[in-house]
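> The sequence shown finishes on residue 450 if you use UniProt numbering, and the numbering steps up by one all the way, no holes.
Handing you a structure now.
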Amino acid sequence: MQQHDTHTLRQDDSRHHLHPFTDTKALGSGSRIITGADGIYIHDSEGNRILDGMAGLWCVNLGYGRRELVEAAAAQMTELPYYNNFFKTAHPPAIKLAKKLTELAPGHINHVFFTGSGSESNDTVVRMVRRYWQLKGQPQKTVIIGRRNGYHGSTLAGASLGGMAPMHEQGGPMLPDVAHIAQPYWFGEGREMSPQEFGLLAAQSLEQKIKELGVERVAAFIAEPVQGAGGVIIPPDSYWPEIQRICDHYGILLVADEVICGFGRLGQWFGSQHFNIKPDLMPIAKGLSSGYLPIGGVLVGDRVAEVLIEQGGEFYHGFTYSGHPACAAVALRNLELMEEEGILERVRELTGPYFAKQWATLADHPLVGEVRSLGLLGALELVADKTTLARFEPGIGAQCRDNCFATGIVMRSVGETMVVSPPLVITEAQIDELVRLARQSLDLTARQLG
Ligand code: PLP
């Protein structure tokens, strides 16, 4: 194994490396340096083995150390390391992956446009949606409605579609013609009514917004089936059917951002299938390649594809790495392995229900006001008072996240919400370990709070 000089690495890191979503000045004693990984564990430069409760950034679905994926990349890089798919060229990995994805997708989806990431996928969504309505003879339909606290990436279009207030506040205007509606966050915003009533109300804010803006201007609605980065916000059952009804009624496009929920996270190929909705566009990334190489795409339903293809001519849009051969080969192998290993059934029938049961045992902890999970996504709401459910001042979530690292588990904090999204290959015994480590981290936080 390679030896690492932690001190030098940390020094060079804080001197030269501007990290994503990090306060460089506040790095303090420096970054935790991750040097290796196996299965559901990561290793740091100081020899710690840590259970990765976040599957990297919600993406390492098949876990670390998969030789099959490494071999798929090596074989493709040996044969054809790069070629593009522009100007009437293509290569076997991109073609095979396109075919495979459309076989796995619901019947009305038969095309895919490849990108390099989730953010690029959502930029592509904006351009495709606008082009679709232009070709339909309604070029004034340019407004896309997203949700407050939704996350769709960090490019200008991704950040604009997303509803993360701190991102919008940094550095001038976002993309024009984007509006936001309420999120279906019952614990945070709707506890004075039943979850079902609240879910319906949150969905109906889409209808209000369409009326307010004028349907002649509204092009599409975009949302994650379950909000991930916003804090694993699982909508009440009443939510998605009402959203689907409203999109159908007003004829606007429905975009389901499957970047986290796709590829088995909810026990189906796509989160939309769990919620029984029929999106026109589905941006994908992350679990598509289990994060081994960067690749994303937009799955395009027939309603949009037919117009783009039949009437659109050349679409002036694409990325150098759209459908990159090595990334596509790894993604294809990843999907095959998911099938061979029955990952969807496993999450749906075994580990998802087991995780739900074990995760729910944390409800008795003095710091926990609500526990929720769906598939292999979980959240804990930290509260200062278990009876009144009063929230903590900001900062306790980040403190708990740091305690998780010290305890030997990666959990993410979203404000005062702790979230997990472990690799989909996690076993029942490892779920027990995850829940035990989560409890220890909560205990440590409670002790620090006195
Ligand atoms: N969409 C969703 C739902 C995401 O969670 C993310 C990333 O977390 C993105 C888009 C952006 O993906 P990327 O970071 O690959 O650009």
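Positions of the beta carbon are idealized from the N, C-alpha and C atoms, including for glycine.
In the structure shown, what three-state DSSP assignment does residue 195 receive?
The answer is helix: DSSP assigns residue 195 an H, G or I state.
> For the stretch 183-196 against the stretch 228-238, are there 3 or more C-beta pairs whose distance is under 8 angstroms?
Contact between the stretch 183-196 and the stretch 228-238 is present, because at least three Cβ pairs lie under 8 angstroms.
> Rounded to the nearest angstrom, what separates residue 100 and residue 260 at their Cα positions?
Their backbone Cα atoms lie some 19 angstroms apart in a straight line.
> Does the count of Cβ pairs from the stretch 75-88 and the stretch 249-259 closer than 8 angstroms reach three?
No, the stretch 75-88 does not touch the stretch 249-259.
> In chain order, what residues of the same chain have a beta carbon less than 6 angstroms from the beta carbon of residue 277, not counting five sequence neighbours either side?
Hits under 6 angstroms: 240 and 244.
> Run through the stretch 23-65 for me and flag every whole alpha helix (DSSP H) of 4 or more residues, listed as ranges in chain order.
For the stretch 23-65, whole alpha helix (DSSP H) runs of length 4 or above, ordered along the chain, are 55-58.
> Does any heavy atom of ligand 1 sit closer than 7 angstroms to the C-beta of residue 515?
Residue 515 cannot be examined here, being either before or after the span of the chain that is shown, 1 to 450.
> If you count every other CB in all the chains shown that lies within 10 Å of the CB of residue 385, and 16 or more means buried, which is it?
The residue is exposed, with fewer than 16 neighbouring Cβ atoms inside 10 Å.
> What's the C-alpha gap between residue 290 and residue 59?
Answer to the nearest angstrom: the Cα atoms are 5 angstroms apart.
> Consult DSSP for residue 391 and reduce its assignment to one of helix, strand or coil.
Residue state, collapsed to three classes: strand.
> Quick one: does the C-beta of residue 57 sit closer than 7 angstroms to a heavy atom of ligand 1?
Residue 57 Cβ: within cutoff of ligand 1.
> Who are residue 297's beta bridge partners in DSSP?
Paired residues: 114 and 284.
> Please indicate yes or no: does the CB of residue 285 lie closer than 7 angstroms to some heavy atom of ligand 1?
Checking every heavy atom of ligand 1 against the Cβ of residue 285, one is found closer than 7 angstroms.
> How long is the line joining the alpha carbons of residue 71 and residue 285, rounded to whole angstroms?
For residue 71 and residue 285, the distance between alpha carbons rounds to 21 angstroms.
> Please work out which residues of its chain come closer than 7 angstroms, Cβ to Cβ, to residue 108, disregarding the five sequence neighbours upstream and downstream, and give them in chain order.
These residues qualify, in order along the chain: 278, 301 and 302.
> Using the Cβ count rule (16 or more neighbours within 10 Å means buried), how would you classify residue 93?
With 16 or more other Cβ atoms within 10 Å, it is buried.
> Are the beta-carbon atoms belonging to residue 376 and residue 424 less than 8 angstroms from one another?
The answer is yes: Cβ separation under 8 angstroms.
> Would the C-beta of residue 364 count as close to ligand 1, meaning under 7 angstroms from any of its heavy atoms?
Checking every heavy atom of ligand 1 against the Cβ of residue 364, none is found closer than 7 angstroms.
> Specify the secondary structure class of residue 274 as computed by DSSP and reduced to three states.
Looking at residue 274 - three-state DSSP - the assignment turns out to be helix.
> Can you say whether residue 176 is buried or exposed, counting buried as having 16 or more other CB atoms within 10 angstroms of its CB?
The residue is exposed, with fewer than 16 neighbouring Cβ atoms inside 10 Å.
> Assuming residue 438 and residue 362 make a contact with CB atoms under 8 angstroms, what is their CB distance in whole Å?
Yes, residue 438 and residue 362 are in contact; Cβ-Cβ is about 6 angstroms, under 8 angstroms.
> Taking 7 angstroms as the line, does the beta carbon of residue 259 fall inside it for any heavy atom of ligand 1?
Checking every heavy atom of ligand 1 against the Cβ of residue 259, one is found closer than 7 angstroms.
> Is residue 105 near residue 299, with beta carbons less than 8 angstroms apart?
Their beta carbons are under 8 angstroms apart, which means residue 105 touches residue 299 by this criterion.
> Enumerate in chain order the residues of its own chain whose CB-to-CB distance from residue 335 is below 6 angstroms, with the five nearest sequence positions on each side excluded.
Excluding positions up to five away in sequence, the list reads 100.
> Considering only DSSP beta bridges, list what residue 370 is partnered with.
The partner list for residue 370 (beta bridge, DSSP) reads 381.
> From the DSSP output, read off the bridge partner residues of residue 456.
Nothing about residue 456 can be reported from this structure: the residues present for the chain run from 1 to 450 only.
> Kindly indicate which residue of 267, 426, 125 and 379 has the alpha-carbon position closest to the one of residue 367.
Nearest option by C-alpha distance: 379.
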